[in-house]
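Trainee:
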Amino acid sequence: MARLLEKYRDEIVPKMMERFGYTNRLAVPRLEKIVINMGVGEAVSEPKHLEAVAKDLALIAGQRPLITKARGSVSAFKIRGGMNIGCKVTLRGARMYEFLDRLISVAIPRIRDFRGLNPDSFDPFGHYSMGISEQIVFPEVSIDTVQFPQGMDITIVITRSTREESFELLRLFGMPFRETAVAAR
0 MARLLEKYRD
10 EIVPKMMERF
20 GYTNRLAVPR
30 LEKIVINMGV
40 GEAVSEPKHL
50 EAVAKDLALI
60 AGQRPLITKA
70 RGSVSAFKIR
80 GGMNIGCKVT
90 LRGARMYEFL
100 DRLISVAIPR
110 IRDFRGLNPD
120 SFDPFGHYSM
130 GISEQIVFPE
140 VSIDTVQFPQ
150 GMDITIVITR
160 STREESFELL
170 RLFGMPFRET
180 AVAAR
């Protein structure tokens, strides 16, 4: 079983029940899925760029990514509807917890000039989104084999929660949020 899943069941659920007054363990918010998205604008002129990025994303996530296509045409960017322009992975279950563990304990500390994650990046439904500027912060990706440095967006989807509940859940998991006067609204 994933280390963070055990931590969730043994430590986080009782703390959340005490803090927010839940009477049932199933009422405590939990992670539903993690979506990792890499938009590759250079794929319009260089299709090999998308292949290299998809290979790196597969190493990071542990499963094959889905190639995303443009919904419509944008003449300013020379994009036609249906062109391959990115890749994404949706993680659930044990893989999701293992990825979150690697993100918190290995990848985030390797980010240059890191001062904490923005606590205001929660949407009204309690989901958290963050961006990473380069895929080389993950140890699975070798700096020598990276052909194109590429950023990624990571969205953590949390079931039935408010911003405050989601913030507390991720804080208990160990997410290094930046200190602010009012972290969650």
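In terms of numbering that gives the first Met the number 0, the sequence shown is residues 0 to 184. Here a beta-carbon is modelled for each residue, glycine too, at the ideal position from N, C-alpha and C. Values in this document were obtained by computation on a predicted structure and should not be read as measured data.
Quick one: any contact between the region 45-54 and the region 129-147, if contact means 3 or more CB pairs under 8 Å?
Mentor: Enough Cβ pairs lie closer than 8 Å, so yes.
Trainee: If you run the structure through DSSP and keep just helix, strand and coil, what is R184?
Mentor: At R184 the pLDDT is 49, less than 50, meaning the model places this residue with poor confidence; the figure from the coordinates comes in the next sentence. Residue state, collapsed to three classes: coil.
Trainee: I157: which of S141, E139, G92 and S132 sits nearest, CA to CA?
Mentor: Minimum Cα distance to I157 is reached at G92.
Trainee: Let me know if L102 comes out buried or exposed under the rule of 16 or more other beta-carbons within 10 Å of its beta-carbon.
Mentor: Its Cβ being crowded by 16 or more others within 10 Å, L102 is buried.
Trainee: Keeping to the same chain, check which residues put their C-beta closer than 8 Å to that of R99; ignore five residues upstream and five downstream.
Mentor: One detail in the question is off: residue 99 reads as Leu in this sequence, not Arg. The answer, listed in chain order, is L3, L30, I33, I155 and F172.
Trainee: Measure the C-alpha to C-alpha separation of P28 and A75 and round it to an integer number of angstroms.
Mentor: Rounded to whole angstroms, P28 to A75 spans 43 Å at the Cα level.
Trainee: With H, G and I counted as helix, E and B as strand and the rest as coil, what does DSSP make of D152?
Mentor: In the structure shown, D152 sits in a strand (DSSP, three-state: E or B).
Trainee: In angstroms, rounded to a whole number, what distance separates the CA positions of M15 and I153?
Mentor: Their Cα atoms are separated by approximately 24 Å.
Trainee: Entirely within the region 81-107 and at least 4 residues each: give me those alpha helix (DSSP H) ranges in chain order.
Mentor: With a minimum length of 4 residues, the continuous alpha helix (DSSP H) runs that stay inside the region 81-107 are 92-101.
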